[in-house]
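In my numbering, the protein residues as written are 53 to 297.
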């Protein structure tokens, strides 16, 4: 099982500790199929699954050096992350700071060597996404994003750090510690707070309003009109968008 293989080079360790019922209780546990009472269908599942719910549970998150030194420790909220990959044996988790835990609404630690300057409000412990189904591996997506990042190409990417993952002392193998790719990414990398940001995922609004994105679509459909391109440049980073395409 490549997901459980521990490489020769020592890695950082991520440890999540919480009440076992938060993970395995058939009615309220986030990391199990559940008994159908409170779960929901979707993500390729025809039966209700607990892991499809966007439930938060309080846990403790520790980050340790390869030598076992405690580098970071904070109480956080945890939820399951991802789509179809929620059905994998080891699910992706989102770890979220919250001011209800000692007033700490961000992580005062640099998890990513590529971006030592950012201040994360949340991080992902990712199971490798769909690369597990395709190649029985966990590193295709972070490898591609790291190549883009090191190339100097002007495109935003998620920073990456492989970690040995434990949940309540159980080894879950080598997973990917990643930046989140939502509105919290904009805060960490560019300093935008929620009230300054329109954020959407698959055209579903996560924050703000959709007036600007609708205007971008309108301008794109009429790009040859006088002044359309100049207006579009005030709403969109044209160079980065071109590089992304």
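Beta carbons: idealized from backbone N, C-alpha and C, even for Gly.
Every unbroken alpha helix (DSSP H) inside the segment 106 to 176 [4 residues or more]: none
Spatial distance of residue 208 from residue 88 (CA atoms): 39 Å
Residue 266 classed as buried or exposed, judged by whether at least 16 other C-beta atoms fall within 10 angstroms: exposed
Alpha helix (DSSP H) segment containing residue 62, residue limits: No alpha helix (DSSP H) contains residue 62, which DSSP labels as neither H nor E.
8 Å Cβ shell around residue 182 - same chain, five flanking residues per side excluded: 136 and 137
Where residue 210 falls: helix, strand or coil (DSSP): coil
The ligand COA heavy atom lying under 7 Å from the CB of residue 150: By its list of ligands, the structure shown contains no ligand whatsoever, and the ligand COA lies outside what it can speak to.
Counterpart residues of residue 252 in DSSP-defined beta bridges: 257
Beta-carbon contacts of residue 67 that lie in its chain and below 6 Å, excluding the five residues immediately before and after: 114 and 218
Residue 98 - DSSP class collapsed to helix/strand/coil: strand
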